[in-house]
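Numbering (the numbering used here), first residue to last: 176 to 699. Let me begin by presenting the structure, written as structure tokens, before commenting on it.
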């Protein structure tokens with residue numbers, strides 16, 4: 176019985192989307208002639224889906240608590256309130272204290288690859304985050320709020336939550352990818368001979384990971400309503416309850432996980448030597464391009480990804496995401512201001528704020544079910560670099576739409592080019608803003624999923640968490656770059672702000688294509 180359960184939950188027992196054939200037992204590699212067959216992904220291993228559920232619980236809990244941090248920090252208790260919720264009949268926004276922290280996932284990636292391993296790092300992060308959630312709820316208890324002692328437990332919880340997020344976030348995606356261990360092989364689907372492709376399967380796994388993140392993002396809405404109508408204690412309790420799905424899930428999946436590479440600093444040391452030589456303009460020796468054998472497992476190591484130089488190449492590509500992220504969320508503040516200068520007719524802010532994750536949740540299944548199979552069936556190249564370029568173009572289109580719409584707002588506002596600070600609003604509907612977050616959401620579903628795929632397939636096993644964390648770190652770089660836009664982020668220059676973001680993102684798309692097109696050519 177236990178053996179059967181293990182077969183069901185292991186990647187070896189639940190890996191196919193294709194018909195059962197004798198080839199599945201053999202998993203024969205395609206010949207030169209067979210390599211021209213249509214390529215299809217295998218099913219995402221069930222154990223990877225369970226890890227995606229872990230990520231969903233972590234993200235839902237994180238977005239749930241962080242979504243109400245600002246009010247908890249910036250505002251005093253509303254008159255007549257003991258919980259942070261406004262008194263009945265009041266329009267005063269809920270609020271209570273003061274915050275500020277943010278942590279990077281690079282520490283979590285380094286700890287996983289060098290010392291603890293991915294699962295242990297996630298487990299430690301889960302324990303730390305559990306303490307943070309308990310402290311959040313404690314700080315929001317009415318008696319604690321009234322006593323004025325909520326500040327210390329709240330600040331400790333923020334620090335712990337930030338650190339725990341870094342430990343978890345860098346490791347879930349590579350751990351999910353690690354659950355699929357097969358190379359390309361030939362199979363039969365509905366009578367057609369196809370190649371079940373490893374890279375396509377990894378892409379599908381990363382899509383499942385990214386989908387879980389954005390489904391979790393919707394739980395911030397529940398916390399917002401709980402904050403407004405009940406109080407902060409419930410706003411923090413709901414995410415905490417969701418979070419505590421993680422420990423039993425991790426306990427359950429642990430026995431069925433594929434073996435991890437033993438943590439080692441060998442690959443990181445090789446990367447350091449290659450970077451040092453590059454900075455000094457010295458040609459690296461051939462030996463430095465080889466991944467040290469320490470910590471490798473006997474299966475699941477793709478030949479194109481087991482090279483430190485490839486991992487560094489992926490990191491070089493990720494630098495372009497620092498520009499892309501400006502278009503993809505970096506200018507949300509002025510986008511919201513633009514909507515505020517338009518006729519809302521009851522359009523809730525949550526609709527615009529959640530349009531981006533909604534687009535991602537909608538786009539990922541459509542891409543995997545229809546778009547990518549359509550392109551594959553017609554032999555239209557759609558490798559990860561091409562997909563990243565397409566995602567950048569969509570994000571640029573979103574910024575271009577904002578520029579055109581902002582110009583229209585200026586033309587129709589009673590205050591002209593001072594529309595943002597005007598007491599009256601443009602007759603244009605705020606619903607017209609909606610295409611921008613929908614476009615950027617669709618772009619994320621294409622570009623960011625493809626970047627996570629490259630972070631996994633182009634990295635040796637001993638660097639996957641670190642490389643993934645470096646991709647995530649581009650968001651921090653983007654936050655710094657957005658500061659350069661501050662001189663333009665006011666009337667009457669907002670049109671130029673959006674236009675500049677669009678031009679820079681298009682330029683980044685061109686740079687990615689020019690510098691990394693060969694990666695797609697090598698894979699085809």
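For each residue, glycine too, the CB sits at the ideal point set by N, CA and C. In this text the structure is predicted, and so the values were computed from the model without any measurement.
Can you list the beta strand (DSSP E) stretches of 3 or more residues lying completely in the region 595–637, in chain order? 601–604
Opposite residue 214 in the DSSP bridges: which residues? In the DSSP output, where bridge partners are listed per residue, residue 214 has 370.
Measure the C-alpha to C-alpha separation of residue 308 and residue 603 and round it to an integer number of angstroms. 42 Å
Validate contact between the region 674–681 and the region 499–514 using beta carbons, cut 8 Å, 3 pairs: yes
Residue 362, enclosing alpha helix (DSSP H) - first and last residue: Residue 362 -> not in any alpha helix (DSSP H); beta strand (DSSP E) instead, spanning 360–364.
Kindly indicate which three-state DSSP category residue 518 falls into: helix, strand or coil? Strand, per DSSP.
My output table needs one value for residue 266: the three-state DSSP class, helix, strand or coil. Low local confidence applies: a pLDDT of 39 at residue 266 is under 50, so the model's placement there is unreliable, with the coordinate-based value given in what follows. Coil.
Is there contact here, the region 562–570 with the region 683–692, by at least three beta-carbon pairs under 8 Å? yes
What is the rounded straight-line gap between the Cα of residue 384 and the Cα of residue 348? 6 Å
Roughly how many angstroms separate the alpha carbons of residue 427 and residue 380, rounded to a whole number? 20 Å
Mind checking whether residue 638 and residue 442 have CB atoms under 8 Å apart? yes
Sub-8 Å separation of residue 225 and residue 424 beta-carbons: Contact flag set, yes.
Please specify which runs of the alpha helix (DSSP H), each continuous and at least 4 residues long, are wholly inside the region 309–340, giving them in chain order. Here the runs fully enclosed are 317–322.
Let me confirm a value: residue 589 is counted as buried when at least 16 other C-beta atoms fall within 10 Å, else exposed. Which label applies? exposed
What did DSSP end up calling residue 664 once you bin it into helix, strand or coil? coil
Kindly give me the distance between the Cβ atoms of residue 671 and residue 658, rounded to whole angstroms, as I take these residues to be in contact under 8 Å. Contact flag wrong, Cβ pair sits at about 16 Å.
Let me confirm a value: residue 625 is counted as buried when at least 16 other C-beta atoms fall within 10 Å, else exposed. Which label applies? buried
Quick one: what's got a C-beta closer than 7 Å to residue 509's C-beta in the same chain, skipping five residues either side? Only 664, 669, 672 meet the Cβ criterion.
Considering only residues of the same chain and omitting the five flanking positions on each side of residue 618, which have a CB-CB separation below 6 Å? In its chain, beyond the 5 residues on either side, 566, 569, 570 have a beta carbon closer than 6 Å to the beta carbon of residue 618.
Buried versus exposed call for residue 367 [16 or more other C-beta atoms within 10 Å across all chains shown]: exposed
Cβ shell of residue 178 (< 6 Å), same chain only, five flanking positions each side left out: Low confidence applies to residue 178: its pLDDT is 44, below 50, so where it sits in the model is not reliable enough to give any reading.
Alpha carbon to alpha carbon, how far is residue 550 from residue 217? 17 Å
Using 8 Å as the threshold, is the region 688–698 in touch with the region 556–565, meaning 3 or more CB pairs across them? yes
Of the residues 356, 623, 437, which one's Cα is nearest the Cα of residue 495? 623
Drop a sphere of 10 angstroms on the beta-carbon of residue 546, count the other beta-carbons inside from all chains shown, and report buried for 16 or more, exposed for fewer. exposed
For residue 435, which of helix, strand or coil comes out of DSSP? coil
Can you tell me whether DSSP reads residue 414 as helix, strand or coil? helix
Range covered by the alpha helix (DSSP H) that runs through residue 564: 559–587
Residue 628 to residue 489 span [Cα, whole Å]: 10 Å
Taking only the alpha-carbon atoms, compute the straight-line gap between residue 437 and residue 578 and give it to the nearest angstrom. 50 Å
Nearest to residue 431 by alpha carbon, out of 692, 688, 221? 221
Considering only their Cβ atoms, is the gap separating residue 238 from residue 391 smaller than 8 Å? yes
At what residues does the alpha helix (DSSP H) containing residue 440 begin and finish? Element bounds for residue 440: n/a, residue is neither H nor E.
For residue 206, name the three-state secondary structure that DSSP assigns. coil
7 Å Cβ shell around residue 583 - same chain, five flanking residues per side excluded: 603
How many angstroms separate the CA atom of residue 530 from the CA atom of residue 507? Straight-line Cα distance between these residues: approximately 12 Å.
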